[in-house]
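Novice: Pasting a structure here, questions to come.
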Amino acid sequence: MTVSVVWFRRDLRVADHPALTAAVERGEAAAVFCLDDRLIHGRFASGPRTQFMLECLGELRASLEEIGTTLHLLEGRPEKQIPEFVEMIGATELHFSRDLTPFARKRGEQVRDALEGTGVEMVAHDGTDTVDVRPIATQKGKPYTVFTPFFRNWEKVPRREVLPVPKEAVQPADAPKPAPIPTLADLKLEQTLGDPPVGGEKEAHRLFERFLSDGVDRYTEIHDALGQDLTSRLSPHLHFGTISPRQIEEALPQGEGPEGFRRQLCWRDFYSHVLYHFPDNRTTEFQQRYRKGFGWSRNAKAFAAWAEGRTGFPLVDAGMRQLLREGWMHNRARLVVGSFLTKDLGIDWRMGEEHFMRYLVDGDEANNNGNWQWIASVGTDPQPAFKRIFNPALHQERYDPEGTYVRRFVPELADVPDKFLAEPARMSVEEQEACGCVIGRDYPEPMVDHKKAREEALERYRAAKERESSA
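Per numbering that gives the first Met the number 0, the sequence shown starts with residue 0, numbered consecutively.
Structure, rendered in structure tokens:
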């Protein structure tokens with residue numbers, strides 16, 4: 000009988016898990032997760048995201064024990080801990096879900112090198128993306144850098160079967176007793192969110208069922224409606240794999256709304272595809288003209304005002320405060336706050352990316368990086384910069400017309416009349432006093448003049464193009 004180890008990473012579930020299913024079918028199966036310090040305290044350390052992960056790990060262990068095995072937490076580098084564990088239980092196969100981020104690929108290569116000559120076979124499985132995005136290519140055999148043609152090709156890729164939970168697993172006799180799952184305090188991190196989301200596979204499926212019954216059919220109509228909050232909230236669960244994108248895709252009904260949501264799964268795969276083929280994107284602009292001499296600001300005072308939701312632009316402040324409270328932000332708000340940071344304030348998109356990764360429970364390197372480069376007009380999408388300069392007041396009037404979203408997260412604006420809510424500084428002194436919101440005392444004055452900031456931003460992008468053409 001074959002003895003296998005399943006190495007869990009960003010696939011913390013038991014349903015539709017090709018690596019787990021394969022290991023169980025082969026014989027005895029033990030499961031491991033590595034508490035790698037590079038993961039916990041590395042480039043994008045996050046107390047909120049780590050707490051969510053710990054909740055997912057706790058439920059995963061319980062689910063594995065229900066089918067006859069358990070989850071072992073290995074503290075340290077996988078290239079050291081996994082070979083030792085494999086040798087301890089006499090395993091000959093290591094099964095894992097393929098992960099295409101530069102960090103994950105490097106870890107996998109290090110484990111493969113450490114196992115070389117031991118006779119242990121490493122077996123990679125799909126399961127993290129909707130499809131295997133690596134071979135998707137243009138007619139010239141090049142990786143895609145524009146979403147729409149990628150989407151057309153992505154739709155043609157054959158889908159793998161969605162797998163049920165394995166009925167019964169056999170724990171290897173030599174497997175040790177699993178260590179307790181640590182607390183966030185044990186890992187020397189803090190939960191900074193006031194209203195964090197709940198982790199785990201059961202919660203992922205609860206959210207998905209709710210979305211299927213109330214939201215997905217109207218997705219194309221309501222996905223930008225800030226005040227209604229009828230989005231799926233599945234992004235943290237997709238990041239940690241408590242539900243697979245294939246499970247979601249397979250369960251979607253027919254219709255315009257479900258197809259619009261399915262397209263969002265493709266955006267996720269697209270950014271995975273881009274980062275796989277262009278790993279330098281993780282720190283550098285995709286478009287070379289913006290890499291040197293662009294003049295990004297790193298103004299700490301202005302950045303702090305943006306990060307804390309004190310810009311004087313209500314929709315921007317509401318989005319940033321939602322992030323600090325929930326570790327999540329509505330996608331329309333993400334676009335507006337990203338545009339404001341990079342275009343109105345001219346601040347380096349990497350500072351925004353890092354801040355998001357610190358607080359976002361769904362913080363995903365490929366998607367976060369791709370979206371920040373998209374809104375900063377420096378990424379794969381060729382659209383001109385002026386199409387990505389969003390007016391916060393106009394967006395608020397369009398997507399939060401009743402002010403529900405803004406008033407929820409910026410309570411000092413609760414009694415501001417609707418006609419002034421998008422631009423409260425337009426109120427007279429008497430009107431400010433009457434509604435209990437004096438600008439400069441109860442709520443900040445606007446940091447910038449949006450019209451002027453827009454002109455300055457466009458000039459920066461024009462200058463970059465001129466430098467490139469004259470080089």
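Ideal Cβ positions, reconstructed from N, Cα and C, are used throughout, including at glycine.
Quantities reported herein were computed from a predicted structural model and do not represent experimental measurements.
How about A301 and M446: are their beta carbons less than 8 angstroms apart?
Specialist: Along the sequence shown, read from residue 1 onward, the residue named residue 301 stands at position 302. Along the sequence shown, read from residue 1 onward, the residue named residue 446 stands at position 447. It is a contact, given that the beta carbons lie within the stated cut-off.
Novice: Roughly how many angstroms lie between the CA atoms of E64 and A178, to the nearest whole one?
Specialist: Counted from its first residue, the sequence shown places residue 64 at position 65. Counted from its first residue, the sequence shown places residue 178 at position 179. Answer to the nearest angstrom: the Cα atoms are 14 angstroms apart.
Novice: Just mark D194 as buried or exposed, buried being the case when its beta carbon has 16 or more other beta carbons within 10 Å.
Specialist: Indexing the sequence shown from 1 puts residue 194 at position 195. Its Cβ having fewer than 16 others within 10 Å, D194 is exposed.
Novice: Got a sec? Which residues, its chain only, sit under 6 angstroms from F149 by beta carbon, not counting five neighbours each side?
Specialist: Taking the first residue of the sequence shown as position 1, residue 149 is located at position 150. Once the five neighbours on either side are set aside, the close Cβ partners of F149 are Y143 and F269.
Novice: Below 8 angstroms on the Cβ atoms is my contact criterion, and I expect Y218 with P244 to pass it. Report the Cβ-Cβ distance as a whole number of Å.
Specialist: The count along the sequence shown starts at 1 and reaches residue 218 at position 219. The count along the sequence shown starts at 1 and reaches residue 244 at position 245. In fact, because the Cβ distance is near 16 angstroms, the residues do not count as touching under 8 angstroms.
Novice: Short check: CB of R9 to CB of G199, under 8 angstroms?
Specialist: To locate residue 9, count along the sequence shown from 1; it is residue 10. To locate residue 199, count along the sequence shown from 1; it is residue 200. No, they are not a contact pair.
Novice: Pull up the DSSP beta-bridge partners for L34, would you.
Specialist: Locating residue 34 in the sequence shown gives position 35, counting from the first residue. In the DSSP output, where bridge partners are listed per residue, L34 has E74.
Novice: Going by alpha carbons, who is nearest to V130 out of S96, T230 and T341?
Specialist: Here residue 130 refers to the residue found at position 131 when the sequence shown is read from its first residue. For V130, the nearest C-alpha among the options comes from S96.
Novice: Over the uninterrupted alpha helix (DSSP H) stretch that includes W373, give me the two end residues.
Specialist: By 1-based counting over the sequence shown, the position of residue 373 is 374. Taken as a continuous stretch (DSSP letters only), the alpha helix (DSSP H) holding W373 covers E364 to I374.
Novice: Please report the distance separating the alpha-carbon of D361 from that of V215.
Specialist: For the purposes of this step, residue 361 is taken as residue 362 along the sequence shown, with counting starting at 1. For the purposes of this step, residue 215 is taken as residue 216 along the sequence shown, with counting starting at 1. When rounded, the distance between both Cα atoms is 20 angstroms.
Novice: To the nearest angstrom, how far is the alpha carbon of G351 from that of S296?
Specialist: Indexing the sequence shown from 1 puts residue 351 at position 352. Indexing the sequence shown from 1 puts residue 296 at position 297. Whole-angstrom Cα-Cα distance: 12 angstroms.
Novice: Could you give the distance in angstroms between the alpha-carbon of R309 and the alpha-carbon of G378?
Specialist: Taking the first residue of the sequence shown as 1, we reach residue 309 at position 310. Taking the first residue of the sequence shown as 1, we reach residue 378 at position 379. Going from the Cα of R309 to the Cα of G378 covers about 28 angstroms.
Novice: Report the rounded CA-to-CA distance for V5 versus A28, giving the unit in angstroms.
Specialist: Within the sequence shown, the letter at position 6 stands for residue 5. Within the sequence shown, the letter at position 29 stands for residue 28. If I take the Cα positions, the gap works out to 7 angstroms.
Novice: Measure the beta-carbon distance from A306 to A317 and round it to whole angstroms, keeping in mind my assumption that it falls under 8 angstroms.
Specialist: On the sequence shown, position 307 is the one that residue 306 refers to. On the sequence shown, position 318 is the one that residue 317 refers to. Contact flag wrong, Cβ pair sits at about 14 angstroms.
Novice: Could you spell out the range, first to last residue, of the beta strand (DSSP E) harbouring S96?
Specialist: Taking the sequence shown and counting its residues from 1, the one referred to as residue 96 is at position 97. Where S96 is concerned, the enclosing beta strand (DSSP E) stretches over E92 to S96.
Novice: If you draw a straight line from the C-alpha of F293 to the C-alpha of W266, how long is it?
Specialist: By 1-based counting over the sequence shown, the position of residue 293 is 294. By 1-based counting over the sequence shown, the position of residue 266 is 267. Computed Cα separation, rounded: 28 angstroms.
Novice: What separation, rounded to the nearest whole angstrom, lies between the Cα atoms of H124 and K105?
Specialist: The residue labelled residue 124 in the question sits at position 125 within the sequence shown. The residue labelled residue 105 in the question sits at position 106 within the sequence shown. Looking at the two C-alpha atoms, the distance is approximately 17 angstroms.
Novice: The beta strand (DSSP E) that contains A123, what's its start and end?
Specialist: If you number the sequence shown from 1, residue 123 lands on position 124. Its beta strand (DSSP E) spans residues E120 to H124.
Novice: Between the stretch 11 to 27 and the stretch 45 to 62, do three or more beta carbon pairs fall short of 8 angstroms?
Specialist: Enough Cβ pairs lie closer than 8 angstroms, so yes.
Novice: For V110, which beta-bridge partners are listed by DSSP?
Specialist: Counting from one through the sequence shown, the residue named residue 110 turns up at place 111. Beta-bridge pairing links V110 to no other residue.
Novice: Please classify D173 as buried or exposed, where buried requires at least 16 other C-beta atoms within 10 Å of its C-beta.
Specialist: For the purposes of this step, residue 173 is taken as the residue at position 174 of the sequence shown. By the 10 Å Cβ count, D173 comes out exposed.
Novice: Quick one, which of V273, D185 and A44 has its alpha-carbon nearest N353's?
Specialist: For the purposes of this step, residue 353 is taken as residue 354 along the sequence shown, with counting starting at 1. Strictly speaking, residue 353 in this sequence is Glu, with Asn absent from that position. Out of V273, D185 and A44, A44 has the C-alpha closest to the C-alpha of E353.
Novice: Closest to G345 by C-alpha separation, out of N366, Q321, A299 and R324, would be which residue?
Specialist: As a first step, residue 345 must be located in the sequence shown, where it is residue number 346. The option with the nearest alpha carbon to G345 is A299.
Novice: Pull up the distance between the alpha-carbon of V335 and that of G107, whole angstroms please.
Specialist: Looking up residue 335 in the sequence shown gives position 336. Looking up residue 107 in the sequence shown gives position 108. Taking the straight line joining both Cα atoms gives about 37 angstroms.
Novice: Classify A28 as helix, strand or coil using the three-state DSSP reduction.
Specialist: Here residue 28 is taken as the residue at index 29 of the sequence shown, counted from 1. It is a strand residue.
Novice: CA-CA distance, G311 and K176?
Specialist: What you label residue 311 is simply residue 312 of the sequence shown in a count that begins at 1. What you label residue 176 is simply residue 177 of the sequence shown in a count that begins at 1. Cα-Cα distance, rounded: 55 angstroms.
Novice: Closest by CA to A424, which one among V437, L34, A433 and A463?
Specialist: Here residue 424 refers to the residue found at position 425 of the sequence shown. The residue with the shortest Cα to Cα distance from A424 is V437.
Novice: What residue range does the beta strand (DSSP E) around W6 cover?
Specialist: Indexing the sequence shown from 1 puts residue 6 at position 7. T1 to F7 is the span of the beta strand (DSSP E), which, as asked, contains W6.
Novice: Tell me whether V428 is buried or exposed, calling it buried when 16 or more other Cβ atoms sit within 10 Å of its Cβ.
Specialist: Counting from one through the sequence shown, the residue named residue 428 turns up at place 429. Exposed is the call here.
Novice: Pop quiz: F84 and V156 are said to be a contact at Cβ under 8 angstroms. What is the actual Cβ separation, rounded to whole angstroms?
Specialist: If you number the sequence shown from 1, residue 84 lands on position 85. If you number the sequence shown from 1, residue 156 lands on position 157. In fact, because the Cβ distance is near 35 angstroms, the residues do not count as touching under 8 angstroms.
Novice: Between A123 and the ligand PLP, is there a pair consisting of the residue's CB and a ligand heavy atom that are separated by less than 7 angstroms?
Specialist: The ligand PLP is not among the ligands present in this structure, which contains no ligands whatsoever.
Novice: What is the rounded straight-line gap between the Cα of E479 and the Cα of R407?
Specialist: Limits of the chain in this structure are 0 at one end and 470 at the other, which puts residue 479 out of reach.
Novice: Using the rule of at least 16 other Cβ atoms within 10 Å of the residue's Cβ for burial, across every protein chain shown, is V145 buried or exposed?
Specialist: Position 146 of the sequence shown, counted from the first residue, corresponds to residue 145. Flag for V145 reads exposed.
Novice: Return the bridge partner residues of V169 from the DSSP annotation.
Specialist: Looking up residue 169 in the sequence shown gives position 170. In DSSP, V169 forms a bridge with E27.
Novice: Helix, strand or coil: which one does DSSP assign to I438?
Specialist: Counting from one through the sequence shown, the residue named residue 438 turns up at place 439. Strand, per DSSP.
Novice: So, using beta-carbon positions, are T49 and L251 closer together than 8 angstroms?
Specialist: On the sequence shown, position 50 is the one that residue 49 refers to. On the sequence shown, position 252 is the one that residue 251 refers to. For T49 and L251, no; Cβs fall outside 8 angstroms.
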